[in-house]
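Q:
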DNA sequence: TATCATTCGGAGAGCGCTCTCCCACAGAGC
DNA sequence: GCTCTGTGGGAGAGCGCTCTCCGAATGATA
């Protein structure tokens, strides 16, 4: 079923049918009507390939999950990346936002040099109009390569280093402030934060800590002890042991992610502290573990689906108006109150 | 950069370049070499749209996540579907399997009548060569529509009702047998199973129960008490209360999914039973909660990534040889031993 | 009525590729 | 030397669509 068929049935030319289908010029109402009837009658659907061949628009964007796989990877790296619900939430948000625009998300994985250049090639020769990038690794070279390529792209979370690339992020500092306010409103004054080891090259994590400190300061709590963890349950456990050793009167803990918050609760329990009666704990991410942990975690939630949707919107703007340089959006996190604080 | 350009640089015709690129006929070594050099030199990448316009192959498949959204859905349904790590694992497996074949997965969501017909249209006019379907709902009409359409399709898990459609599944009954064997090898004899309410129209769940019973019987345990749950933590909790009321000497529980296993442990604890000292509990799915629960769950794991990869392989065979009718593959589940049994 | 502007449909080129023909040429067999 | 076969390259049509250009018809204006 081609344009030609519709044209024949409607008794008009191919051009006219095309105009009706794409509604890009005035067509006499009577003609338009008979074309639409013909379209309906024979069940015509435009051929994407043919269309994109001439318009040079693919009507597709690539959703890239990027992260460096270890040399000896057996696939478990990929598995881990994808089994994080975070990924699915992003995908869901993107799919929902793109659907009404009739743009299709193509899933790609950029875990090796080869894979990365495949993504780049895919974009370069127009198989996709732009890229939505979710990086799991801080030193990911892909954002830089995307900038160099010069095709529309939006990344999830502000990239480290300065790179003229569009992004969508959550207000991490605001999230930290939210946590501080909440803890203090619960009467907690001896606060500790489980931060992250080494150079805080993941900007989000640093922002959370800074926001937390800032929030505490605004409420009159000048000092917040900090101990770094490695983002795992064990890391959170160890960090809190340290915190407890330094300040035994600790009564409020903010962990930079939920896994460490769970570890924090473990350590607290072992030290004879009850959560939340003796110590309140706030996590970050509202990951799947948050609702399931004991007690369920009070945590800061990033509006991931909304962020993903916003990424899609920004990208499509970039696609439509390439003269536009870079854009960004920062969405507000919210506090999900459960039982740990 | 088109074929034409390569042809000019290499001093041959377009047809020859095409032959080299697609390696579909003998080309004199010298000519082939100069063409390859030209391709390299100008960085030629074939245009997918143009190619698929003539070959009528899209080089893409659609990965459909299907499930009925409630009438008044605000998006939370989609969010829930996608945030299940299961979905990500499938996506990861598909991406990995498809990549070497240079076929791209396009993500689609079929949660409404409209969305479903979009998927169907996408397939029908060749924007995708086939469909990989993950249904979250038993009465999903999409598999049937896919069969009717007659385009290549593979679904995850054997569909309920009989439908001539290809599928990949895990040996659910084998998984149940594995659980029974394990429990009995731990000395458990008074077994209970937390099954599912109502008509077992999700074949997988029924198979698990049957497999469990069969495994128990083969080991000499003739009777297994059963109590249905609703696949949630609460459901598991309630079901075990019932089980305990009926047979207080219960010492082994098999739950059809991990959520219910967690609920089972809750109920057992409340009744003063220790897990795994007094009662052993085995779950199913190895979901993210399994490793995190207390105690960590011994559970039956479906090889989701492998199953997804197998789906991709079957689909590509179907695409290549459309005369083939339907195919299936059933992969073996494994028991992941943790602490609950 | 003649001229001009405006509206709207049609003709046709061409997007980049594949693939079917066709033809040139080399070597074999007589 | 001639035909016959096989090998390998070129010409060109055409996939389904968009879009520019053109021209016909209509209505407004002088």
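Chains as they are written, first to last, in full-length UniProt numbering: chain W, 1 to 341; chain Z, 1 to 341.
The C-beta atom is built at its ideal place from N, Cα and C for all residues, glycine as well.
(1) Compute the Euclidean distance between the alpha carbons of residue 132 of chain W and residue 89 of chain Z, then round it to the nearest angstrom.
(2) Buried or exposed for residue 151 of chain Z, please, with buried defined as at least 16 other CB atoms from any protein chain shown within 10 angstroms of its CB.
(3) Starting from the C-beta of residue 296 of chain Z, find all residues in its chain whose C-beta is less than 6 Å away, skip the five residues before and the five after it, and write them out in chain order.
(4) Kindly say whether residue 22 of chain Z, judged by its beta-carbon, lies nearer than 8 Å to any beta-carbon of chain W.
(5) Does the segment 289 to 303 of chain Z come within contact of the segment 125 to 144 of chain Z, defined as at least 3 CB pairs closer than 8 Å?
(6) Okay, do the segment 277 to 285 of chain W and the segment 18 to 28 of chain W touch, 3+ Cβ pairs below 8 Å being the bar?
(7) Using the beta-carbon count (16 or more within 10 Å), is residue 177 of chain W buried or exposed?
(8) Taking 8 Å as the CB-CB limit, is residue 14 of chain W close to chain Z?
(9) Check whether the Cβ atoms of residue 226 of chain Z and residue 209 of chain Z sit closer than 8 Å, and answer yes or no.
(10) Quick one: what's got a C-beta closer than 6 Å to residue 309 of chain W's C-beta in the same chain, skipping five residues either side?
(11) On the three-state DSSP scale, how would you describe residue 281 of chain W?
(12) With a cut-off of 8 Å on the beta carbons, I'd call residue 107 of chain Z and residue 61 of chain Z a contact; round off their distance for me.
(13) For the beta strand (DSSP E) containing residue 298 of chain Z, list its first residue and its last residue.
(14) To the nearest angstrom, how far is the alpha carbon of residue 123 of chain Z from that of residue 194 of chain Z?
(15) For the UniProt domain "HTH lacI-type" (1 to 55) of chain W, which residues have a CB atom closer than 7 Å to at least one CB atom of chain Z, in sequence order?
(16) Using the Cβ count rule (16 or more neighbours within 10 Å means buried), how would you classify residue 228 of chain Z?
(17) Could you give the residue range of the beta strand (DSSP E) that holds residue 67 of chain Z?
(18) Does residue 55 of chain Z come out as helix, strand or coil in the three-state DSSP assignment?
(19) Under 8 Å, do residue 355 of chain Z and residue 85 of chain Z count as touching if we go by C-beta distance?
(20) Give, in chain order, every unbroken run of the alpha helix (DSSP H) that is at least 4 residues long and sits entirely within the segment 201 to 243 of chain W.
(21) For the segment 81 to 94 of chain W, enumerate the residues whose C-beta is nearer than 9 Å to any C-beta of chain Z, in chain order.
(22) Can you name the start and end residues of the beta strand (DSSP E) that residue 108 of chain Z belongs to?
(23) With residue 169 of chain W as the anchor, note down where its beta strand (DSSP E) starts and where it stops.
(24) So, are the CB atoms of residue 328 of chain Z and residue 167 of chain Z less than 8 Å apart?
(25) Please work out which residues of its chain come closer than 7 Å, Cβ to Cβ, to residue 203 of chain W, disregarding the five sequence neighbours upstream and downstream, and give them in chain order.
(26) With distances taken between CB atoms, is the gap from residue 292 of chain Z to residue 289 of chain W smaller than 8 Å?
(27) Can you find at least 3 beta carbon pairs, one from the segment 21 to 35 of chain Z and one from the segment 306 to 326 of chain W, that sit closer than 8 Å?
(28) Would you call residue 278 of chain Z buried or exposed, if buried means 16 or more other Cβ atoms sit within 10 Å of its Cβ?
(29) Rounded C-beta distance between residue 109 of chain W and residue 134 of chain Z? I'm assuming under 8 Å.
(30) In the structure shown, what three-state DSSP assignment does residue 255 of chain W receive?
(31) Would you say the beta carbon of residue 62 of chain Z is closer than 7 Å to some non-hydrogen atom of the ligand SAM?
(32) Checking the sheet assignment: what are the DSSP bridge partners for residue 6 of chain W?
(33) Of all the residues that make up the segment 278 to 303 of chain Z, which are near chain W by a beta-carbon distance shorter than 8 Å?
(34) Count the other CB atoms within 10 Å of the CB of residue 118 of chain Z; is the residue buried (16 or more) or exposed (fewer)?
(35) Taking Cβ-Cβ distances below 8 Å as the criterion, which residues of the segment 97 to 109 of chain W are in contact with chain Z?
(36) Express the C-alpha separation of residue 336 of chain Z and residue 218 of chain Z in angstroms, rounding to a whole number.
A: Taking the definition as stated:
(1) Taken atom to atom, the span from the alpha-carbon of residue 132 of chain W to that of residue 89 of chain Z is near 20 Å.
(2) Of the residues assessed, residue 151 of chain Z falls on the buried side of the cut-off, its CB having 16 or more other CB atoms within 10 angstroms.
(3) 338, 339, listed in sequence order.
(4) Not an interface residue.
(5) No, the segment 289 to 303 of chain Z does not touch the segment 125 to 144 of chain Z.
(6) No contact exists between the segment 277 to 285 of chain W and the segment 18 to 28 of chain W.
(7) In summary, residue 177 of chain W is buried, with 16 or more beta-carbon neighbours lying within 10 Å of its beta-carbon over all protein chains present.
(8) By this cut-off, residue 14 of chain W is not an interface position.
(9) Result yes, Cβ atoms of residue 226 of chain Z and residue 209 of chain Z sit closer than 8 Å.
(10) Answer for residue 309 of chain W: 93, 97, listed in chain order.
(11) In the three-state scheme derived from DSSP, where H, G and I count as helix and E and B as strand, residue 281 of chain W is classed as strand.
(12) That pair is no contact at about 11 Å.
(13) Residue range 298 to 301 is occupied by the beta strand (DSSP E) that includes residue 298 of chain Z.
(14) C-alpha separation (whole angstroms): 40 Å.
(15) Listed in sequence order: 45, 47, 48, 49, 50, 52, 53.
(16) By the 10 Å Cβ count, residue 228 of chain Z comes out buried.
(17) Neither: residue 67 of chain Z is in no beta strand (DSSP E) and is coded neither H nor E.
(18) It is helical.
(19) There is simply no residue 355 of chain Z to check, as chain Z begins at 1 and stops at 341 in what is shown.
(20) Qualifying alpha helix (DSSP H) stretches, in chain order: 203 to 218.
(21) Only 81, 82, 83, 84, 85, 86, 87, 88, 89, 90, 91, 92, 93, 94 from the segment 81 to 94 of chain W bring a Cβ to less than 9 Å from some Cβ of chain Z.
(22) Unbroken beta strand (DSSP E) run through residue 108 of chain Z: 104 to 110.
(23) Per DSSP, residue 169 of chain W belongs to the beta strand (DSSP E) from 166 to 170.
(24) Yes. Within cutoff.
(25) The residues are 158, 160.
(26) Yes, these two residues count as a Cβ contact at 8 Å.
(27) The answer is no - the segment 306 to 326 of chain W does not touch the segment 21 to 35 of chain Z, with fewer than three Cβ pairs under 8 Å.
(28) Under this definition residue 278 of chain Z is an exposed residue.
(29) The C-beta distance from residue 109 of chain W to residue 134 of chain Z rounds to 18 Å, too long to fall under 8 Å, and the pair is not in contact.
(30) Reduced to three states, the DSSP call for residue 255 of chain W is strand.
(31) Among the components of this structure there are no ligands whatsoever, and the ligand SAM is therefore not found.
(32) DSSP output for residue 6 of chain W lists no bridge partner at all.
(33) Going along the segment 278 to 303 of chain Z in chain order, one finds 288, 289, 292, 293, 294 with a Cβ nearer than 8 Å to chain W.
(34) Around the Cβ of residue 118 of chain Z, a 10 Å sphere holds 16 or more other Cβ atoms; the residue is buried.
(35) Within the segment 97 to 109 of chain W, contact with chain Z at the beta-carbon level (separation under 8 Å) is assigned to 99, 104, 105, 106, 107, 108, 109.
(36) Residue 336 of chain Z has its alpha-carbon roughly 21 Å from the corresponding atom of residue 218 of chain Z.
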